[in-house]
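Reviewing the structure listed below.
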Amino acid sequence: MALLDGRTILIVENDPAIGLDLRATLSAAGATPVGPANSVDGAFALIADHALDAAILDIRLYKDELVFPVADTLLALRVPYVFASGRSTALMPLRHGDKPFFDKPFRPEEIVQALAKILEGERVA
5 MALLDGRTIL IVENDPAIGL DLRATLSAAG ATPVGPANSV DGAFALIADH
55 ALDAAILDIR LYKDELVFPV ADTLLALRVP YVFASGRSTA LMPLRHGDKP
105 FFDKPFRPEE IVQALAKILE GERVA
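Counted the way my numbering counts, the sequence shown spans residues 5 to 129.
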């Protein structure tokens, strides 16, 4: 049984290569990847169209847009998420400061393991 069997995971990432790599890694872990979206509007469209189990969020998106409106929406919907970004955590609003943060370059497998733990109700340091 794969770590994320049957889970639907949103990818919000502005780098196409990283987005495709995350898609492949999530698929290999048994998940259904949704995205990648490279903008807040694109992410909102995917959120509206899919029942999500979790999400991976880059902080800075297309045209220097910040992902935090998406994170706020996921928080309100009680959809767990992690950040995977090359941006400093100094940009992080306090309301999202307790979420796992993976600094680029990251290993996609680390994110899969973190998502699996979160979805099982475990805390990720």
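Ideal Cβ positions, reconstructed from N, Cα and C, are used throughout, including at glycine.
Since the structure is predicted, the reported quantities are computational estimates derived from the model, not experimental observations.
Burial state of residue i (16 or more Cβ within 10 Å)
i: alanine 21; result: exposed
i: proline 109; result: exposed
i: aspartate 62; result: buried
i: glutamate 124; result: exposed
i: alanine 49; result: exposed
i: alanine 35; result: buried
Range covered by the beta strand (DSSP E) that runs through residue i
i: aspartate 107; result: 105 to 107
i: leucine 14; result: 12 to 16
CB-CB length for residue i against residue j, believed under 8 Å
i: proline 112; j: leucine 26; result: 6 Å
Residue from the options whose Cα sits closest to the Cα of residue i
i: arginine 64; options: Ala118, Leu79, Glu114 and Phe87; result: Phe87
i: alanine 32; options: Phe106, Arg91, Arg11 and Pro97; result: Arg11
i: proline 136; options: Glu126, Leu119, Val74 and Ile115; result: Here the chain comprises residues numbered 5 to 129, so residue 136 is not present and cannot be evaluated.
i: aspartate 76; options: His100, Ile15 and Leu123; result: His100
i: aspartate 53; options: Asp107, Phe105, Ile13 and Ala94; result: Ile13
i: arginine 82; options: Glu126, Leu24 and Ala58; result: Ala58
i: glycine 46; options: Thr36, Ala28 and Glu17; result: Glu17
i: aspartate 19; options: Ile115, Ser89, Ala49 and Phe48; result: Ser89
Span of the alpha helix (DSSP H) around residue i
i: isoleucine 122; result: 112 to 123
i: valine 44; result: 44 to 53
i: valine 74; result: 72 to 81
i: proline 37; result: Where proline 37 is concerned, there is no enclosing alpha helix (DSSP H), although the beta strand (DSSP E) it sits in stretches over 36 to 41.
Practice task
Count the C-beta pairs between the stretch 32 to 45 and the stretch 67 to 75 that are closer than 8 Å, then say yes if the count reaches three, no if not.
Solution key: Of all C-beta pairs linking the stretch 32 to 45 to the stretch 67 to 75, three or more are shorter than 8 Å, placing the two stretches in contact.
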